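Data first, discussion second: the structure below is written as structure tokens.
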Amino acid sequence: MKPVLVEIGGFAIYSYGVMLSLALLVCSLGLLKQASREKFNPDHVLEAVIAAALAGLVGSRLLYVFLNWGLYQGQWIKILFTRSGGLSFYGAFIGGLIAILAWCRYRKLDFLKLTDLMAPYLALGYAFGRIGCFLNGCCYGKVSTVPWALPASAVDNLLRHPVQLYASLGGLIIFLILYQLRPRRPFDGFQLIMLALLYGVLRFITEFFRDMPLVGLNFTLAQIFSLAVVLLSLILLLIFFAIKGYRKGRV
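Quick note: the sequence shown uses this note's numbering, first residue 2, plus one each step.
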């Protein structure tokens, strides 16, 4: 673990920030290249990326603060600094979607088509972000004796599951699945729904290895939310397939 990547003259460059910046850069380049192939206006796509990134950052921070409100009561200034706590991917996802929806209305773009284009790269960005978590030492796993367990120096140096790397690998797998499915998606919005479904499954599984408090049914809060996301995604898939079948039958 290496929270500070490099320090120059007392100015520290943090690994987490570097990985988030790298995620934004790599995913933006890949997305713009894909946009050009599929006749999307690259300028509109880049605008959507910027809007989603800013809103996602705000949303991720707000949800984290809301879920950990006891840490910030009476210390409001800490809310502004991610070094005092962290971020929530679900908050980033919701905030980003709201921003893209607003931008699509402003630009008169098709929300579902645009989010289908962006969905695989959001999963890829998540994979980069979890590597940042690993380097930062946050989101650490449970104490473990598995051969690949690593010391969590930011906590207690005990050997723990490198759950951040599990999540990163899962994010990469989701990216590959969505990238391969894109040419064969059955309807607009399919990629977005599949991203929510696959991420919900991934998060539910990785939470078993994270050192997080249980809130009910021996599940963490993130697991309960992930189950709700998976259920909603499955319902939406059934609805969209039913609508597609109905329209096909009317032709």
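Glycine residues also receive a C-beta, built at the ideal position from the N, C-alpha and C atoms.
Model, not experiment: these values are computed from the prediction.
Open item on the list: With a threshold of 6 Å on Cβ separation, who are the neighbours of G172 within its own chain once the five nearest residues in sequence on each side are excluded?
Closed with: Here residue 172 refers to the residue found at position 171 of the sequence shown. Closer than 6 Å at the Cβ level, and outside the excluded window around G172, lie A124, Y127, A128.
Open item on the list: Among I194, H162, M20, L55, whose alpha-carbon lies nearest the alpha-carbon of I175?
Closed with: On the sequence shown, position 174 is the one that residue 175 refers to. The candidate whose alpha carbon is nearest that of I175 is I194.
- [ ] For L215, collect the residues of the same chain with a Cβ closer than 8 Å to its Cβ; drop the 5 residues on either side in sequence, then sort them by chain order.
- [x] For the purposes of this step, residue 215 is taken as the residue at position 214 of the sequence shown. Within the same chain, L215 has close Cβ partners T221.
Open item on the list: Using C-beta distances below 8 Å, list every residue in its chain close to L47, excluding the 5 sequence neighbours before and after it, in chain order.
Closed with: Mapped onto the sequence shown, residue 47 falls at position 46. Once the five neighbours on either side are set aside, the close Cβ partners of L47 are S29, L33.
- [ ] Following the continuous beta strand (DSSP E) through L6, name the residue where it begins and the one where it ends.
- [x] For the purposes of this step, residue 6 is identified with residue 5 of the sequence shown, where counting begins at 1. Note, L6: beta strand (DSSP E), 5-9.
TODO: Output the boundary residues of the alpha helix (DSSP H) element that contains F135.
DONE: Along the sequence shown, one-based indexing puts residue 135 at 134. Start and end: 112-137.
Open item on the list: Less than 6 Å between C-beta atoms, sequence neighbours within five positions excluded: which residues of the same chain meet that for A93?
Closed with: The residue you call residue 93 lines up with position 92 of the sequence shown. Correct list, in chain order: G57, G60, S61.
Task: R107 (DSSP reduced to helix, strand or coil) - done: If you number the sequence shown from 1, residue 107 lands on position 106. The question names Arg, but residue 107 in the sequence shown is Tyr. Helix, per DSSP.
TODO: Out of L151, L177, I99, state which residue places its alpha-carbon closest to the alpha-carbon of L196.
DONE: Counting from one through the sequence shown, the residue named residue 196 turns up at place 195. Here the closest residue by C-alpha is L177.
Task: Rounded C-alpha distance that separates Q165 from C105 - done: Taking the first residue of the sequence shown as position 1, residue 165 is located at position 164. Taking the first residue of the sequence shown as position 1, residue 105 is located at position 104. Roughly 33 Å separates the two Cα atoms.
Open item on the list: Looking at the secondary structure, which residues open and close the alpha helix (DSSP H) in which F67 lies?
Closed with: Stepping through the sequence shown from its first residue, residue 67 is reached at position 66. Its alpha helix (DSSP H) spans residues 43-68.
- [ ] For Y65, count neighbouring C-beta atoms within 10 Å of its own C-beta (all shown protein chains included) and say buried if the count is 16 or more, exposed if not.
- [x] In the sequence shown, counting from the first residue as 1, residue 65 sits at position 64. Buried.
Task: Reduced DSSP category for V216 - H, G, I as helix; E, B as strand; rest coil - done: Within the sequence shown, residue 216 is the residue found at index 215, counting from 1. Coil, per DSSP.
Open item on the list: Can you confirm whether the region 101-115 touches the region 13-29 when touching is taken to mean that 3 or more C-beta pairs between the two stretches lie within less than 8 Å?
Closed with: no
TODO: Report the three-state DSSP secondary structure of G92 (helix, strand or coil).
DONE: As a first step, residue 92 must be located in the sequence shown, where it is residue number 91. Correct three-state label for G92: helix.
Task: Burial state of I22, where buried means 16 or more other Cβ atoms lie within 10 Å - done: For the purposes of this step, residue 22 is identified with residue 21 of the sequence shown, where counting begins at 1. Checking the displayed sequence, the identity of residue 22 turns out to be Ser instead of Ile. Label assigned to S22: exposed.
TODO: May I ask you to report which of helix, strand or coil DSSP gives A100?
DONE: Taking the first residue of the sequence shown as position 1, residue 100 is located at position 99. Reduced to three states, the DSSP call for A100 is helix.
- [ ] Can you say whether P121 is buried or exposed, counting buried as having 16 or more other CB atoms within 10 angstroms of its CB?
- [x] Taking the sequence shown and counting its residues from 1, the one referred to as residue 121 is at position 120. Result: buried.
TODO: State the CB to CB distance for the pair P4 and N158, rounded to an integer number of angstroms; the pair is presumed to be in contact (CB under 8 Å).
DONE: Residue numbering aside, residue 4 sits at position 3 when the sequence shown is read from its first letter. Residue numbering aside, residue 158 sits at position 157 when the sequence shown is read from its first letter. About 14 Å separates the two Cβ atoms, so there is no contact after all.
- [ ] Rank V50, Q224, Q35, G71 by C-alpha distance to the C-alpha of E208 and give the top, closest one.
- [x] Taking the sequence shown and counting its residues from 1, the one referred to as residue 208 is at position 207. Ranking V50, Q224, Q35, G71 by Cα distance to E208 puts Q224 first.
Open item on the list: Counting only C-beta atoms, is Q74 closer than 7 Å to chain C at any point?
Closed with: The structure shown contains no chain C; it is built from a single protein chain.
TODO: Work out the CA separation of R186 and I244 for me, nearest whole Å.
DONE: Looking up residue 244 in the sequence shown gives position 243. Looking up residue 186 in the sequence shown gives position 185. Taking the straight line from one Cα to the other gives about 15 Å.
Open item on the list: Assuming the contact rule is C-beta atoms closer than 8 Å, F135 and F188 should be a hit. Round their C-beta distance to whole Å, please.
Closed with: Residue mapping note: residue 135 aligns to position 134 of the sequence shown, counting from 1. Residue mapping note: residue 188 aligns to position 187 of the sequence shown, counting from 1. Not quite, the Cβ-Cβ distance comes to about 36 Å (not below 8 Å), so this is no contact.
- [ ] Excluding the 5 residues preceding and the 5 following A168 in the sequence, name in chain order all residues of the same chain whose CB lies nearer than 6 Å to its CB.
- [x] Taking the sequence shown and counting its residues from 1, one reaches residue 168 at position 167. Excluding positions up to five away in sequence, the list reads R131, T207.
Task: Same chain only: Cβ atoms within 7 Å of G142, ignoring 5 sequence neighbours per side - done: Indexing the sequence shown from 1 puts residue 142 at position 141. Same-chain partners within the cutoff: R161, H162, P163, V164, F210, R211, D212.
Open item on the list: Distance check for M2 and G11, CA to CA, integer angstroms please.
Closed with: In the sequence shown, counting from the first residue as 1, residue 11 sits at position 10. In the sequence shown, counting from the first residue as 1, residue 2 sits at position 1. Looking at the two C-alpha atoms, the distance is approximately 20 Å.
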